[in-house]
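The sequence shown: position 798 = 832 (this note's numbering), numbered continuously.
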Amino acid sequence: MLRKLLSIFILKRPGKALVLFLAICCVFYSNAQEDPLQSVDSLQQAGWVNQRYASMSPEQRIGQLFMVMATSDRPEAELQKISRWIRDYHIGGLIFSTGGPVRQARMTNRLQQLSSTPLLIGMDAEWGLAMRLDSTFAYPWNTTLGAIEDSTLLEQIGYRIGEQAKRLGVHINFAPVVDINTNPDNPIIGNRSFGEDPEKVSWHARLMMKGMQRAGILSCAKHFPGHGDTAVDSHKALPQILFERQRLDSVELLPFRRLSKQGLSSVMIAHLNVPALTGSETEPTSLSSRMIETVLKEQLGFKGLILTDALNMKGVTGYTGEKNTSLTAFLAGNDMLLMPPDLDQDFPVFLEAYKNGTISEARLERSVKKILKAKYKAGLHQIKPIAIPGLFADLNQPADSLLYEKTMEGAITVLQNKVDILGIKRLENKKIAYVKLGDAPHLPFLERLQQYADVTEVSANDIASLSRKLEEFNLVIIGMHQSNESPWKKHAFTEKERFWLEEISRMRSSNVILTVFARPYILRDILSYENIDGLVMAYQNSKIAQQTAAEMLFGVFPARGKLPVSAHSSFPAGSGLQTAGLKRLGYSIPERVGFDRYKLARVDSLVQDGLDSLMFPGAQVLISRKGQVVYHKAFGKPAYDAEGGVKLTDVYDLASLTKILATLPLLMQMEERGQIRLNATFGDLSPELAESELKNVTVLKALSHYGRLPSWIAFYLDTLGKNRQPSSEFYRNKSEAGFSIKVAERLYLTDAYKDSIYDRIARQSLKSNRYRYSDVAYYVFKKYIEETLQKPLNLLADEALYKPLGASRTLFNPLKTLPKEEIIPTELDNYYRYQKIQGYVHDMGAAMQGGVGGHAGLFSNANDVAKIMQMYLQGGYYGGSRLIESRTVEKFNKCYFCDKNVRRGVGFDKPQLEDPGPTCGCVSRKSFGHSGFTGTYTWADPETEIVYVFLSNRTYPSSTNTLLIRSGLRTRIQQAIYDSLISSEQN
C-alpha cells in the first residue's frame, strides 16, 4: 500500500518525491534497532557462529542454554561438580559468586580447558567485583552514583568495572540495575538503584553501560520489567506490581526502552507478578511469553540476549506446578537460563522436549546462535588463559581509589546550609566539637576533620553530660555512621540517637552540622531538620567517603550532588545545594596531580638512607601539588632511644623557617597597611639605631640579606660564667621578680637582658658589601612589629595567620599547649642550657627572648607548614579568606639584587644563580622557600604548583652532626619529586 501511494505521489509531484523518500527513510531508520550482539567483523562472527552451531550435537546445543552458579571459595568441590556438568551437559556458561580473584581465575582456566565450546562467564558486579569477591575493589553503590551529574565519571566507573571483569576472564556483567526505586521499603533493591527518576536512572545506566561495553564486556540491564516499587524480595517470594500499563510505561519500562535503543547487550528478566504486562494474576514475568516476546522484543524492540534471573529463587520455583521451571522459562522466550534449580533433572527434560517437538529446531537455533554470537562479541572466539601473575594488582589499581575519590566529590549532597555554614570559614572564630552517632567506624572522618582545624571528639553516657561538655564549643559536627558492609543493610536512627540529635540541635550556644554516612532514606527517621544548620548526605561510610565528606565541609571542593530519591518531605529527589570551594589543601594520591607513584617512592628510600646514615633520628615529609597533598609520611623516631615513632601530628622546631612563616607574613600585611615601607631604614624603625652604623640599612636590603649585617650574634656567651655554665648574675633556677624569661627547664633569664640584646645590635659594625645571610635583622623587625601593633609576635602571628589557616599545630612555646611527648627534641645541650632541649626553642637568641624570636622559635608539623606555603602559592588566599594581597606576595617573591649576585627575595630564599645552592636546580625561578638550622626545609613552586616540606631534628643529639647538610639530602629529595612528574605534567 505504501509503495503504491509513493508511486502515485512521484507521478503527480516528482519535484517533492525525493524529499518524501528521505523523510520516510529517516523515520524507518530512527525506529530501527541495531543488533547489539553484532561485532565489527560481522562476517567473521557469522561464520564462526554458524560453524560452531553446525558442529554441535542436539545435546551440546541444549547445554548452551544453561548458565550454572560457581563459587571459588570451595574450588575443588565446585570443580568436580562443574566438570561433570561440562562433560555430561555441555553447559554454556558460569555465573560466579563468592570467592577470591586468584582462585576464581585458576578455576576458570581449568574449566575453560574442559569445555569444547568456550564458557560465557558472568558475574553480578554492580559496584565492581567486590560485590562477590574478596580482595577486589568496591566502587560506590548505585544510589551514591545517582547523586552525580558528571557523565565522564559515570562512564569511567563503568569502563573500569568492565576492565576488571575482563582481566578476570568475566565476559558479561549483570549490570546496570535500572530499577526505579520509588519504594523506600524495598528490601532487595534500595542502594542498588540509581534513584527514583526514570529519566535520570536511564541516563546514569546508559553511561555505566557505555563504559562497560567500551571495555569489551557485555552489559545486562535488570530486573525487567522493574523491581523498584516492591516491598517483597523475589529471592523469597513473588513480588506484585499492580500498576496500570500507562504508569509502567512511564516509570518502570522507560530505562529498558531507552537502553534498548542505545546498544544494550542483554536483559535479565525478573520474577515478578505484573498483571498489566503478563495478562495473568499469577504468572511470573520470567515465565511469561507475552512479557518477553510481546513487550520486550516487539514493543521495546530489544534484539539482545535475554536471560532469566536465578531460577532457584522462591519468586519463580513455586509457580509452575508440575511443569519444569527451566523449560517453561525457555519456551517463554528466554535465551539463557541462570542457575537452574536442578540441572540433573532439567537437562533430560529439555532433551525430551526437543525430541518430541516441544522445542523446535528453529527455537533452539535462535537462542543458541544468539548465545554464540554473544560469546564471539565478548572475544571467546580467541580465548586465552587468564594470567595469574599481577592479577591482584591489576584489580586494585591506584586509579580505582582516585576514581572513587572523584566520585564521592561529585556525589556528596548538601541539603541544608543555613547561615552559609558550609564550607566552614573563619576558623579563628570557631571552637569545633565532633559527636559520633551510629555504630560504624568514624575515625577516617574525625582524623580528616582534624587536619583542617582543632576538632575535639566529645562523648558522654547521657545527654545531660554531653550537653554540658558541648557548651564550650560554638560549632558541633555530628557524624551519623552506619554500616558500609553491603547495600542491603538497614540504616536507622535509634530512639536515643533521635533524642540526642534533637537536644544538641536545640542548643543555642552552637551551630550544628549533621553529616550522614548512610542510605538517604534514613532521613525519614527525623521529623524536622529545622534546628540543623548544615545537613550533608554522604551516602556511604567507606573510608574515602568519610575523608571526602570532611574535605567538603571545609571547602576543599564545592558540593555538587543531587539527592537521587525523595528521602524526606523536606528533601525530595533532586534536592542539593551548591557550595563554594574555599581553596584549602585536599588529600589525594600521586596520580591525581601527575606524579608517578613508583618514582615518587624514591623519596622513601632517600629518607631511609638518611635514617640509616644517622643524619637525623626522624622526619616528616609532605609533598603537595595543585592543592592536593599526595605524600605525607613520618619516619623514624623522635630520638634514637625513643620507644615510639614520629607521628604526623608531632611538632618540630622549625628554626629559620620562622622567618617566612611568622615574621615575614606580618611584615607583608603591615606593608599593605602602610605601617612599614621596603625603603624604610633601620633608623626609621628603631630610635636606638638612629645613631648606629646600621641606621641606613633598608628593610628591602635587610630582608634580601644584602644589608651588610653580621650573620649572627652569640648573645648567650656573655651570660656564661668562667666555667661555661649559666652565670648566677643572669639566671635563676626558678621564676622570681626580675627573672621571668624561661629559656629552659629550671633556667630563667633576667628581664633586663632584653635591652642588652638591642644595645649590642646597635654597636655592630657593617660588614663588606656582599651577600651575607643574617638573623640580626629579624631582631629589629620583631621589636618594630610588637611596638607598632602593641602585641607580642606570637599572638599576632596566631591571630593573623595560624587561626584563620586552621594551623592549630603551629605555635611558639609549645609546652604551654601541647604534651611534651608530642614535641620532637632538638638537642642534648652541653654548652648553654645543659639539658635535653624539648619544647623549648633550640636557637639561643630566640630562647633569650622567651622562646619568641623573629628569626626562630616557631614549632609546627609538615601539614601546617604546607598550609602556609599553599597560601603563598595562592597569592595570599586560603580557606575563604584573603590574608595577603596577591600583589604583595608577588612583590616579596622577587629578587631585587640578582645583578649583584644575591639570589634572595624579600625574606624568601630563591633558587641559586649558580651552583651550588638551596635547591635541586630543577625548580623554576619563581619558586621560593627557606631552610632551618635544625634540619628543616620547605619550598613552593608556582609554575609546577608543588609544595615540599621536610622536617627533621638533625641537631639531636648534637648540632655538630652536619651529615644532613653535607649530604644535600633535602634537595636530593626535591630532585626525586621533580623526577616523579609524568612528562606531560612538567612545565
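Quick reminder that beta carbons are idealized off the backbone N, C-alpha and C, glycines included.
### Message
Leu377 and Phe100 - do their beta-carbons sit closer together than 8 Å?
### Response
Yes, the pair counts as a contact, with Cβ atoms nearer than the cut-off.
### Task
From the DSSP output, in three-state form, read off Asn207 for me.
Asn207 carries a strand assignment under DSSP once its states are collapsed to helix, strand and coil.
### Sufficient close CB pairs (3 or more, under 8 Å) joining the segment 553-573 to the segment 444-462
Of all C-beta pairs linking the segment 553-573 to the segment 444-462, three or more are shorter than 8 Å, placing the two stretches in contact.
### Message
Just to confirm, is the Cβ distance from Val655 to Phe962 under 8 Å?
### Response
Not a contact, by the Cβ cut-off of 8 Å.
### Query
At what residue ranges does the segment 77-108 contain a whole run of the beta strand (DSSP E), taking only runs of 3 or more?
Within the segment 77-108, the complete beta strand (DSSP E) runs of at least 3 residues are 100-104.
### Message
Between the alpha carbons of Leu783 and Asp863, how many angstroms are there, rounded?
### Response
When rounded, the distance between both Cα atoms is 17 Å.
### Task
Out of Pro259, Leu188, Asn225, state which residue places its alpha-carbon closest to the alpha-carbon of Gly245.
Ranked by Cα distance from Gly245, the first of Pro259, Leu188, Asn225 is Leu188.
#### Entry: Anticipated Cβ contact below 8 Å, Gly840 with Tyr486, distance rounded
Contact holds; Cβ gap of about 5 Å.
### Query
Does the distance from the CB of Leu471 to the CB of Ile512 come in under 8 Å?
Contact flag set, yes.
### Nonlocal neighbours in the same chain, by C-beta distance under 6 Å from Ile980, ignoring five residues either side
Cβ within range, chain order: Arg659.
### Task
Answer yes or no: do Gly951 and Pro945 have a C-beta to C-beta separation smaller than 8 Å?
Cβ distance < 8 Å, so Gly951 and Pro945 count as in contact.
### Message
Distance check for Leu298 and Leu288, CA to CA, integer angstroms please.
### Response
In this structure, the alpha-carbon of Leu288 lies about 14 Å from that of Leu298.
### Query
Out of curiosity, what's the CA-to-CA distance linking Gln147 and Arg140?
So the alpha carbons of these two residues sit roughly 11 Å apart.
### Query
How would you write the range of the alpha helix (DSSP H) that Arg140 sits in, first residue to last?
Boundaries of the alpha helix (DSSP H) around Arg140: 135-148.
### Query
When we look at the beta-carbon of Glu585 and count the other beta-carbons within 10 Å, is it buried (16 or more) or exposed?
Here Glu585 is buried: its Cβ has 16 or more other Cβ atoms, across all protein chains shown, within 10 Å.
### Query
What is the DSSP secondary structure of Asn545, counted as helix, strand or coil?
Looking at Asn545 - three-state DSSP - the assignment turns out to be strand.
### Message
Just to confirm my understanding: we take Glu278, look at its own chain, exclude 5 residues before and 5 after, and list those with CB closer than 8 Å. What are they?
### Response
Only residues of its own chain outside the window of five on either side were considered, and among them Ala310 have a CB closer than 8 Å to the CB of Glu278, listed in chain order.
### Query
beta strand (DSSP E) containing Ile393: first to last residue?
Neither: Ile393 is in no beta strand (DSSP E) and is coded neither H nor E.
#### Entry: His666 - partner residues in DSSP beta bridges
DSSP, once it has assigned bridges, lists Leu656 as partnering His666.
### Query
Looking at Tyr173 and Tyr438, is the spacing between their C-beta atoms short of 8 Å?
Yes, Cβ-Cβ distance for Tyr438 and Tyr173 is below 8 Å.
### Message
Please classify Gly352 as buried or exposed, where buried requires at least 16 neighbouring CB atoms within 10 angstroms.
### Response
Around the beta carbon of Gly352, fewer than 16 other beta carbons sit within 10 angstroms, so the residue counts as exposed.
### Query
What do you reckon, is the C-beta of Pro826 under 7 Å from a heavy atom of the ligand NAD?
No copy of the ligand NAD appears in this structure; indeed no ligand is present at all.
### Endpoints, alpha helix (DSSP H) assigned at Asn451
Per DSSP, Asn451 belongs to no alpha helix (DSSP H); it is in the beta strand (DSSP E), 447-451.
### Task
Measure the Cβ-Cβ separation of Val329 and Pro259 and say whether it is below 8 Å.
A contact, by the Cβ cut-off of 8 Å.
### Task
List the endpoints of the continuous beta strand (DSSP E) containing Val510.
DSSP places Val510 in the uninterrupted beta strand (DSSP E) bounded by 509-515.
### Task
Might you give, ordered along the chain, the residues of its own chain that have their beta carbon closer than 6 Å to the beta carbon of Asn225, omitting 5 neighbours on each side?
Answer for Asn225: Trp175, Thr177, Pro521, Arg553, listed in chain order.
### Message
Let's test the definition: count the other Cβ atoms within 10 Å of the Cβ of Thr994 and tell me whether it reaches 16, buried, or not, exposed.
### Response
By the 10 Å Cβ count, Thr994 comes out exposed.
### Query
Any idea what DSSP makes of Leu781, helix, strand or coil?
In the three-state reduction of the DSSP assignment, Leu781 falls in the strand class, which pools E and B.
### Task
Identify which residue in Leu436, Asn207, Asp488 has its Cα closest to the Cα of Ile458.
Nearest option by C-alpha distance: Asp488.
### Query
The beta strand (DSSP E) spanning Trp973 covers which residue range?
For Trp973, the enclosing beta strand (DSSP E) begins and ends at 970-975.
### Lys617 to Gly661 span [Cα, whole Å]
Distance between the alpha carbons of Lys617 and Gly661 is about 8 Å.
### Query
When the distance is taken between beta carbons, is Leu712 closer than 8 Å to Leu734?
Closer than 8 Å, so yes.
#### Entry: Phe967 and Ser690 closer than 8 Å at C-beta
In this structure, Phe967 places its C-beta atom within 8 Å of the C-beta atom of Ser690.
### Close beta carbons around Ile1016, own chain, < 6 Å, minus the five adjacent residues each side
So the list reads Gly628, Asp630, once near-sequence residues are dropped.
### Message
For Gln98, count the other beta carbons within 10 Å of its own beta carbon; 16 or more makes it buried, fewer makes it exposed. Which is it?
### Response
Classified as buried, Gln98 has 16 or more neighbouring CB atoms from the shown chains inside 10 Å of its CB.
### Query
Out of Asn828, Cys954, Leu997, Tyr971, which has the shortest C-alpha to C-alpha gap to Tyr1012?
The residue with the shortest Cα to Cα distance from Tyr1012 is Cys954.
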